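Trainee:
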Amino acid sequence: MNKITDKKVQDYLRDNLNTDPALFALKSSPFQGLSSAELSTQLKGLQVAKSKLPEFFTSYNVKYPPKLSLEQCSSELTAKYKASLVSKGNNMVDLTGGFGIDFYYLGNNFDSAIYIDPNCDLLELVRSNISSIDNKNRTYLCEKAEEFLSGNSETFDLIFVDPSRRSEKNKKVVLWEDLLPNLIDLYPTLKNITRKLLIKGSPMIDITSCINAFPDTTEIHVVSVEREVKEVIVLVDFESSMNDPAIVCSILGTSGKLIKRYNLSDLKEKIDNIGPASNFLYEPHPVFLKAGVENKLSKGYDLKKVAQNTNFYTSSELIKDFSGRIFKIESGNFSGLKEISKLIEGKKVNVITKNIPVSPEEVLKKMKLKAGGTQWLIAYRDHKNSKSYILCTRVK
Numbered sequence: 099m100n101k102i103t104d105k106k107v108q109d110y111l112r113d114n115l116n117t118d119p120a121l122f123a124l125k126s127s128p129f130q131g132l133s134s135a136e137l138s139t140q141l142k143g144l145q146v147a148k149s150k151l152p153e154f155f156t157s158y159n160v161k162y163p164p165k166l167s168l169e170q171c172s173s174e175l176t177a178k179y180k181a182s183l184v185s186k187g188n189n190m191v192d193l194t195g196g197f198g199i200d201f202y203y204l205g206n207n208f209d210s211a212i213y214i215d216p217n218c219d220l221l222e223l224v225r226s227n228i229s230s231i232d233n234k235n236r237t238y239l240c241e242k243a244e245e246f247l248s249g250n251s252e253t254f255d256l257i258f259v260d261p262s263r264r265s266e267k268n269k270k271v272v273l274w275e276d277l278l279p280n281l282i283d284l285y286p287t288l289k290n291i292t293r294k295l296l297i298k299g300s301p302m303i304d305i306t307s308c309i310n311a312f313p314d315t316t317e318i319h320v321v322s323v324e325r326e327v328k329e330v331i332v333l334v335d336f337e338s339s340m341n342d343p344a345i346v347c348s349i350l351g352t353s354g355k356l357i358k359r360y361n362l363s364d365l366k367e368k369i370d371n372i373g374p375a376s377n378f379l380y381e382p383h384p385v386f387l388k389a390g391v392e393n394k395l396s397k398g399y400d401l402k403k404v405a406q407n408t409n410f411y412t413s414s415e416l417i418k419d420f421s422g423r424i425f426k427i428e429s430g431n432f433s434g435l436k437e438i439s440k441l442i443e444g445k446k447v448n449v450i451t452k453n454i455p456v457s458p459e460e461v462l463k464k465m466k467l468k469a470g471g472t473q474w475l476i477a478y479r480d481h482k483n484s485k486s487y488i489l490c491t492r493v494k
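According to the working numbering, the residues represented by the sequence shown are 99 to 494, in order.
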């Protein structure tokens with residue numbers, strides 16, 4: 099009988115790494131005891147892991163779960179980032195183990211670590227995977243977070259929670275009180291048994307709602323990989339008093355990382371310097387927009403804002419190190435699309451819209467153009483509360 103972790107099976111899967119798993123499942127399995135469906139699941143897992151979980155990908159002993167658990171798990175990059183937020187300690191517990199990526203990297207900081215998950219099959223898979231990679235003191239318990247807490251008498255240096263963003267009826271939810279487990283209900287219990295609480299939240303969650311839900315919050319980290327915001331992480335240090343919690347914007351990527359620290363009070367920052375676009379236009383990186391600190395960021399560069407509620411900024415001289423996209427204005431400000439159509443080259447243009455009730459796709463359809471090329475058409479509401487259109491080339 100063959101096993102998924104046999105070298106010949108793993109070599110076979112890696113030889114087919116570029117094959118569509120759906121088509122792969124239709125092929126007959128060359129290995130006795132392994133179905134085509136099982137091989138297809140592992141192939142899909144390897145395809146995801148190659149970029150998302152490179153350390154796990156290199157191991158022939160790792161087995162992958164069905165698609166949903168893989169989609170929901172943290173990447174190696176973001177899991178290592180979370181591990182960097184907590185110092186080494188005695189013990190930790192992960193109340194929502196899942197595929198165990200956060201548990202694995204966070205657990206490396208502690209003498210002992212407990213994994214909790216009600217899915218016993220997934221738990222055994224995670225136990226097997228992690229045991230094949232390291233021999234640290236880790237315990238695996240198949241139960242719900244609430245069940246573990248009701249019978250627990252220990253205290254911990256860290257509790258980690260990544261609440262499910264699906265309700266009991268399998269509907270997508272965002273609000274803290276709708277997530278499972280309900281951390282607002284569990285918060286008093288958690289406060290009594292841990293020094294630190296680390297919570298992985300949805301990139302859709304509102305930053306101020308984190309403070310309202312968890313009043314002892316010390317830091318909120320908004321984390322992106324390249325240009326995509328992936329996680330909002332809440333760190334609660336019950337031994338530290340923080341009247342103005344830190345808002346940390348982190349951009350992770352292949353070229354390294356950029357981290358900028360702000361405070362909750364910076365979310366209220368207003369810009370008085372408002373006026374028409376001049377020579378260069380700046381769009382803050384999505385991580386700053388998500389954190390709500392785009393005005394504070396841009397004030398540091400002494401930029402003018404094109405309108406109070408439009409998140410574009412402008413300057414007459416180029417500021418190369420701005421954290422976001424930079425455009426050089428070639429033509430503008432036009433009040434309508436008709437005037438600008440004749441300046442578009444090759445029937446292609448990239449479109450950005452801000453603070454106007456029209457999408458880039460709608461603009462392209464109206465102009466009978468396709469997305470692409472080197473020109474950028476930027477449509478926005480300006481300081482006079484009018485629609486404005488400018489044609490740009492991208493500098494950065």
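For glycine and all other residues, C-beta sits at the position ideal for the given N, C-alpha and C. For clarity, every value in this text was computed on a predicted model and none was experimentally measured.
Among S229, Y238, V330 and L204, whose alpha-carbon lies nearest the alpha-carbon of I212?
Mentor: Y238
Trainee: How far does the beta strand (DSSP E) with Q473 in it extend, from its first residue to its last?
Mentor: Q473 to R479
Trainee: Return the first residue and the last residue of the beta strand (DSSP E) that I214 is part of.
Mentor: F208 to I214
Trainee: Nearest by alpha-carbon distance to T451: which of S173, S439, K485 and G390 is it?
Mentor: The residue with the shortest Cα to Cα distance from T451 is K485.
Trainee: Which residue marks the beginning of the beta strand (DSSP E) containing T451, and which one marks its end?
Mentor: N448 to K452
Trainee: Given 8 Å as the limit, is there contact between the segment 248-258 and the segment 190-202, that is, 3 or more CB pairs closer than that?
Mentor: yes
Trainee: Classify V456: buried if its beta carbon has 16 or more other beta carbons within 10 angstroms, exposed otherwise.
Mentor: exposed
Trainee: CA-CA distance, F155 and I291?
Mentor: F155 and I291 have their C-alpha atoms some 36 Å from each other.
Trainee: Alpha carbon to alpha carbon, how far is I331 from S300?
Mentor: 8 Å
Trainee: Hey, T139 and Y110: beta-carbon distance below 8 Å or not?
Mentor: no
Trainee: Using the C-alpha atoms, what's the distance from F246 back to E367?
Mentor: 43 Å
Trainee: Determine whether the beta carbon atoms of V327 and F254 lie at a separation below 8 Å.
Mentor: No; because the gap between Cβ atoms is not below 8 Å, this pair is not in contact.
Trainee: Hey, quick one: how far does the alpha helix (DSSP H) through P384 stretch, first residue to last?
Mentor: P384 to A389
Trainee: Determine the contact status of I214 and L183, defining contact as a CB-CB distance below 8 Å.
Mentor: Annotated as distal: I214 and L183, with beta-carbon spacing of 8 Å or more.
Trainee: What's the call for Q130, buried or exposed, on a 16-neighbour Cβ count within 10 Å?
Mentor: Answer is exposed; the Cβ neighbour count stays below 16.
Trainee: When DSSP labels each residue in this structure, what does Y158 get in the three-state scheme?
Mentor: coil
Trainee: Could you spell out the range, first to last residue, of the alpha helix (DSSP H) harbouring C308?
Mentor: I305 to A311
Trainee: Would DSSP call G205 helix, strand or coil?
Mentor: helix
Trainee: Thinking C-beta only, is K468 closer than 8 Å to K446?
Mentor: yes
Trainee: With DSSP collapsed to three states, give me the class of L220.
Mentor: helix
Trainee: What residues match up with T292 in a beta bridge as DSSP calls it?
Mentor: F254
Trainee: Check whether the Cβ atoms of E145 and L166 sit closer than 8 Å, and answer yes or no.
Mentor: In the sequence on display, residue 145 carries Gln and not Glu. It is not a contact, given that the beta carbons lie outside the stated cut-off.
Trainee: Can you give the Cα-Cα distance for R263 and S173, rounded to whole angstroms?
Mentor: 17 Å
Trainee: Return helix, strand or coil for D200, following the three-state DSSP convention.
Mentor: helix
Trainee: My understanding is that F425 touches T491, with C-beta atoms under 8 Å, so please give their C-beta distance in whole angstroms.
Mentor: Contact between F425 and T491 is confirmed by a C-beta separation of about 7 Å, below the 8 Å threshold.
Trainee: Mind checking whether I438 and R479 have CB atoms under 8 Å apart?
Mentor: no
Trainee: How many Å lie between L295 and V391 at the Cα?
Mentor: 24 Å
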